[in-house]
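With the UniProt record's numbering applied, the sequence shown closes on residue 491, and no number is skipped along the way.
Cβ atoms here follow ideal geometry from the backbone N, Cα and C, with glycine treated the same way.
Fair warning: this is a prediction, and the values are worked out from it, not measured in the lab.
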Amino acid sequence: MAKATIVVLVGAFGLWASGAQAAQDCANDTIRKAGDAFIAAGSSDGLSIAVVKDGKTVFCDFGTVERGKARLPTPDTVYEIGSISKTFGSLLLAQAIVAGKAQVDDDMRRYLPPGEYPGLIYQGQAVTLRNLVSTTSALPDNLPDELTRKAKEAKPEDKPFVLVEGLNRYTMPQFLADLQQARLQRQPGVMPAHSNVAAQVVGLIDARLLGKPFETLLDERIERPLGMASGTDKARAARMATGYTGEGRVAPVWDAPVTRAAGGLRYSTRDMAKYAAYQLAERDPAVKLAHQAQWGDPGEGATGFNWVIDLMVDGQPHLEHSGGTFGFASYMDLYPRSGYGIVLLANRSADNTQGQLQAVAERIRDGLVGALPAQVALDKAFAEHGYGDVAATVAQVRRAYPGLHLSENYINALGYRLLQQEKRPKDAVNVFAYNVTQHPKSFNPYDSLAECQEALGEREHAIANYRLSLERNPNNEHAKTRLAELDKPKS
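#1: Just mark residue 172 as buried or exposed, buried being the case when its beta carbon has 16 or more other beta carbons within 10 Å.
#2: Let me know if residue 479 comes out buried or exposed under the rule of 16 or more other beta-carbons within 10 Å of its beta-carbon.
#3: In angstroms with no decimal places, state the Cα-to-Cα distance between residue 301 and residue 451.
#4: From residue 24 to residue 32, what distance separates their C-alpha atoms?
#5: Express the C-alpha separation of residue 442 and residue 306 in angstroms, rounding to a whole number.
#6: What is the rounded straight-line gap between the Cα of residue 49 and the Cα of residue 344?
#7: Taking only the alpha-carbon atoms, compute the straight-line gap between residue 402 and residue 374 and give it to the nearest angstrom.
#8: So, using beta-carbon positions, are residue 47 and residue 38 closer together than 8 Å?
#9: Could you tell me the distance, in whole angstroms, from the CA atom of residue 432 to the CA atom of residue 449?
#10: From residue 235 to residue 79, what does the alpha carbon distance come to, in whole angstroms?
#11: Does any C-beta atom of chain B lie closer than 8 Å to the C-beta of residue 27?
#12: What does the alpha-carbon distance come out to for the pair residue 279 and residue 335?
#13: Residue 408: buried (16+ other C-beta within 10 angstroms of its C-beta) or exposed?
#14: When you compare only the Cα positions, how much space is there between residue 303 and residue 311?
#15: Can you say whether residue 274 is buried or exposed, counting buried as having 16 or more other CB atoms within 10 angstroms of its CB?
#16: Taking buried to mean at least 16 other C-beta atoms within 10 Å of its own C-beta, is residue 120 buried or exposed?
#17: Straight-line CA distance for residue 341 to residue 412?
#18: Quick check on residue 130: buried or exposed, where buried means 16 or more other Cβ atoms within 10 Å of its Cβ?
#19: Under a Cβ-count criterion, where at least 16 other Cβ atoms within 10 Å of its own Cβ denotes burial, should residue 270 be classed as buried or exposed?
#20: Contact defined as beta carbons within less than 8 Å: I believe residue 45 pairs with residue 347. What is the distance between those atoms, to the nearest angstrom?
#21: So, under 8 Å CB-CB, residue 260 and residue 203 are touching, yes? Tell me the CB distance rounded to an integer number of Å.
#22: Just the C-alpha distance for residue 328 and residue 86, rounded to the nearest angstrom, thanks.
#23: So who's on the other strand from residue 317, going by DSSP bridges?
#24: Is the beta carbon of residue 324 closer than 8 Å to that of residue 354?
#25: How do the stretch 153-169 and the stretch 197-211 stand: do at least 3 beta-carbon pairs fall below 8 Å, yes or no?
#26: Do you know offhand how far residue 165's Cα is from residue 252's?
#27: Using the Cα positions of residue 352 and residue 321, report the straight-line distance between them to the nearest angstrom.
#28: From what residue to what residue does the alpha helix (DSSP H) around residue 326 run?
#29: For the putative contact between residue 63 and residue 330, defined by C-beta atoms under 8 Å, what is the C-beta separation to the nearest angstrom?
#30: Checking the sheet assignment: what are the DSSP bridge partners for residue 452?
#31: If you compare alpha carbons, which of 471, 464, 54 and 473 is closest to residue 487?
#32: Give me the residue from 192, 481, 446 and 221 with the minimum Cα distance to residue 141.
#33: Return yes when at least one heavy atom of the ligand ZN lies under 7 Å from the C-beta of residue 98, else no.
#34: Between the stretch 88-104 and the stretch 65-76, do at least 3 Cβ pairs fall closer than 8 Å?
#35: Tell me residue 125's beta-bridge partners as DSSP assigns them.
#36: Go through its chain and collect everything with a Cβ distance to residue 133's Cβ below 7 Å, but skip five positions before and after it.
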């Protein structure tokens with residue numbers, strides 16, 4: 001049932017020049033149109049974009065840093081980057097591991113301050129450093145529990161102010177005391193789940209392994225070597241954009257040292273372009289380690305050192321991360337093999353802002369670089385031969401493009417495009433059936449095939465495949481609902 005967007009990527013680039021450009025002077029028409037549309041849709045008050053290719057950067061800025069004033073952002077306007085901060089703490093940990101100060105499968109408790117942490121083990125299984133950086137730690141999302149409770153009880157429009165007030169007063173001793181009382185939510189290493197606590201622990205372990213405060217490590221090991229300004233210095237407040245909540249209120253300023261490694265860093269697109277170029281180069285062994293999957297299979301979706309990793313149609317890796325604070329949103333997209341990356345920073349934080357930034361990034365990428373040759377060949381082959389024998393058509397294209405990679409989500413999305421957008425259920429059912437042959441242990445291909453068969457009136461086949469889906473995932477609510485409906489006696 002789950003649907004995913006087909007992502008098309010990356011051919012050759014033209015020439016790029018470094019420099020700051022306002023929206024009306026943006027050198028690239030594709031970037032300008034995408035940014036203008038984002039602002040015109042009311043998605044944010046301001047937006048700054050940096051596109052990096054082969055070490056050269058284009059900057060474009062849109063909207064305003066403060067509502068009601070004609071103050072266009074610049075590449076030096078500072079934004080809160082939210083959870084992209086997690087990649088900084090994880091990079092420092094990767095540096096420590098490369099230096100031999102720890103192993104990725106070490107018990108995290110080995111590197112915590114002295115104390116009792118009885119809840120940080122689940123049925124004899126401890127949380128490892130790998131679990132921390134791959135979002136599979138099973139730690140709570142946030143601490144302290146009391147602050148989380150207060151936020152839940154507050155009016156929705158007041159929640160950011162309750163949280164920021166509490167977090168800005170939260171100290172490291174308080175965090176450690178709460179950590180000693182924390183309990184794992186499930187077995188670690190099994191299921192990815194967002195956890196600010198895990199990232200805060202990474203920052204704490206960085207300091208203990210490398211012998212200096214997190215902010216000092218950030219300065220000495222990342223910011224100064226890359227020529228970035230400080231992500232924690234209050235002196236940059238004058239360059240900060242004003243952040244706005246999803247309801248349009250001026251957001252509270254988040255300045256909580258305990259949460260910096262989880263989401264509390266602030267940078268400009270000029271800073272983040274340097275960080276993106278450094279990540280794209282992959283010359284640093286720590287960066288290479290950070291880009292390796294620590295959980296999952298990149299072919300179907302994996303997590304590195306807080307990077308979400310997948311493979312494109314031609315098999316090249318794609319890394320991404322997004323972030324949201326109480327008044328800002330961010331998105332970062334990297335394709336190291338192509339040397340292409342994009343960073344988008346916005347001064348609005350609604351529930352869907354990060355997804356909207358991702359859509360802008362995809363629009364810019366597709367407009368700038370077009371479809372991959374393997375993608376073009378596959379589309380052409382289906383246009384010529386149809387979908388009667390999907391396996392044969394894929395095999396034909398793979399002979400010309402041996403690296404052709406079609407993930408479960410990619411095939412599923414193709415099937416839904418045929419079923420829902422193009423109204424071609426007979427072609428769609430062949431695509432869904434092919435997905436089942438490629439991923440026989442996964443529940444979702446069976447569910448999607450059954451949905452298509454149901455649309456075609458193939459009731460018995462649909463029932464059989466919904467049942468096969470449920471065998472693989474007893475919690476598949478869509479299959480349960482459809483089976484209950486299909487099993488009703490005909491009136």
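Taking the structure as given:
#1: exposed
#2: buried
#3: 24 Å
#4: Only weak support exists for where residue 24 lies, its pLDDT of 44 falling under 50; the coordinates are left without a value.
#5: 25 Å
#6: 5 Å
#7: 9 Å
#8: yes
#9: 5 Å
#10: 14 Å
#11: Within the model displayed, chain B is absent; a lone protein chain is all it includes.
#12: 9 Å
#13: buried
#14: 12 Å
#15: buried
#16: buried
#17: 26 Å
#18: buried
#19: buried
#20: 6 Å
#21: 7 Å
#22: 16 Å
#23: 311
#24: yes
#25: no
#26: 8 Å
#27: 15 Å
#28: Taken as a continuous stretch (DSSP letters only), residue 326 belongs to no alpha helix (DSSP H), as it is neither H nor E.
#29: Contact flag wrong, Cβ pair sits at about 15 Å.
#30: Answer is none; residue 452 lacks a bridge partner.
#31: 464
#32: 192
#33: Only the bare structure without any ligand can be found here, which leaves the ligand ZN out of the picture.
#34: no
#35: 122
#36: 90, 93, 202, 294, 305 and 306
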